[in-house]
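Okay, structure first, notes after.
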Amino acid sequence: MSKRKLTRRQAWRIQKVQDERAARAEKRDNKAQEQLQEGNLGPEQHGLVIAHYGTQVAVEALEGDSQGQICRCHMRANLGSLVTGDKVVWRSADTEGKDDNLGVIVAVLPRHSELSRPDPYGDMKTVAANIDRIVIVIAPYPEPHGNLIDRYLVAAETLDIQPIILLNKIDRIDENNQQRLREMQERYKALGYEWLNVSTKTEQGLNELITYLADYTSVFVGQSGVGKSSLINMLLPHENIRVGPLSEISQQGTHTTTTAHLFHFPSGGHLIDSPGIREFGLWHMDEGSLLEGFVEFRPFLGYCKFRDCAHQSEPGCAIRKALEDGAISDVRMASFRYILSTLDNP
Ligand SMILES: Nc1nc2c(ncn2[C@@H]2O[C@H](COP(=O)(O)OP(=O)(O)O)[C@@H](O)[C@H]2O)c(=O)[nH]1
Ligand SMILES: [Mg+2]
Ligand SMILES: [Zn+2]
């Protein structure tokens, strides 16, 4: 189908319809807001924030008759900011059948993890909560660079969220890359990291992946071209991706494409996804978190002779001693030094 350019008149009409729609929604919201204030509310129940739009969030009911239904919820002002993945207590608004999908959030349950990224001003902003696994997707092509995987691992370690390395496109393993990928797998497994092999093309390893994901709320990260979209399309049935009732909220103006959404895998487990989340971890980190993020360095941290040891050529360096003793591999040390060299001066 060819792209159609709108005439000014058409564009104007579309804008008008959208404005009217937004105005109607706002009116409804104000009405709901009044009712919320009048205390005309259903009982408290648990819910899960599955998307966030400006002043409203989409909450999925986790119990009762409405379980699985999605409600547009307002937040009480004192709750602070909510993000996708938050577990909340909410109450439905009695709108006399006019709009069954409205409610108010009255409490947020404590988060067990937070995913944050820097906003345009460099402040860290939480974008999702209660994530259990960061799935680092790599592939034979584009070729995985150890220091990129290590950056993701450090970011995951810094947040204290367990990472797993997912090698996709195993149908593309050949004599050129086989040895290198096997060594890579052995190296990361020896460090205690989980590793899975799949191909979205041949579906090898898919069942194992589905079983693994069923226990967790995960995010997928990794460089462009490794197959994240292909994987997610395969793991999520199509109707799951269309977020039905949410379109109404998103039409009210905020960034549908950037907001994180929570999806349910059919065999269990959840995915939180957004373009921003997929790029997670590729920003600035400080030297302290870098050292801590290389898990095998941890037993040696604080044992260097000099407190400000740069672990380069100083005498009595515990990290270099560990390298000589084989407790730290050359590859990981080189990767550490490389990432360190890319950090801004502290
Ligand atoms: N051979 C092969 N190609 C794949 C596989 N998974 C994805 N691809 C291809 O890799 C390319 C990039 O995939 P995409 O899902 O867009 O990657 P993303 O950038 O990480 O979202 C596309 O051409 C896919 O068809 C796989 O398992 N095997
Ligand atoms: Mg993609
Ligand atoms: Zn040192």
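Position in the sequence shown (first residue = 1) + 51 = this note's numbering.
Positions of the beta carbon are idealized from the N, C-alpha and C atoms, including for glycine.
Quick caveat: nothing in here was measured; it's all calculated off a predicted structure.
Check	Outcome
In DSSP terms, what residue 69 is bridged to	DSSP, once it has assigned bridges, lists no residue as partnering residue 69.
Beta-carbon proximity list for residue 211, same chain, < 8 Å, skipping 5 on both sides	164
Cβ contact check for the segment 160-178 and the segment 246-258: 3 or more pairs under 8 Å	no
Alpha-carbon spacing of residue 176 relative to residue 133, whole angstroms	11 Å
DSSP bridge partner residues for residue 142 (one or two, in chain order)	155
Cα-Cα separation, residue 137 to residue 254	32 Å
Neighbour-count burial assignment, residue 65, 16 or more Cβ in a 10 Å radius	exposed
Closer than 7 Å: residue 277 CB and nearest ligand 1 heavy atom	yes
Whole-angstrom C-beta distance between residue 287 and residue 260, which should lie under 8 Å	Not quite, the Cβ-Cβ distance comes to about 13 Å (not below 8 Å), so this is no contact.
Element boundaries [beta strand (DSSP E), containing residue 245]	245-248
Inter-residue spacing [alpha-carbon to alpha-carbon] between residue 92 and residue 117	15 Å
Cβ contact (3+ pairs, closer than 8 Å) linking the segment 211-223 and the segment 338-351	no
Three CB pairs or more closer than 8 Å across the segment 110-130 and the segment 328-348	no
Nearest-angstrom Cα separation, counted from residue 58 out to residue 13	Any property of residue 13 remains undetermined from this structure, which presents the chain solely from 52 to 397.
Pick from 310, 258, 273 and 276 that is closest to residue 285, judged by C-alpha positions	258
Terminal residues of the alpha helix (DSSP H) in which residue 324 lies	Looking at the DSSP string, residue 324 is not in any alpha helix (DSSP H); the run it does join, the beta strand (DSSP E), is 321-324.
For residue 262, the first and last residue of its enclosing alpha helix (DSSP H)	257-264
Proximal residues to residue 183 (C-beta, below 6 Å), its chain only, five neighbours per side dropped	267 and 268
Burial state of residue 220, where buried means 16 or more other Cβ atoms lie within 10 Å	buried
Residue 370 CB to nearest heavy atom of ligand 3 below 7 Å	yes
Beta-carbon proximity check, residue 270 vs residue 203, cutoff 8 Å	no
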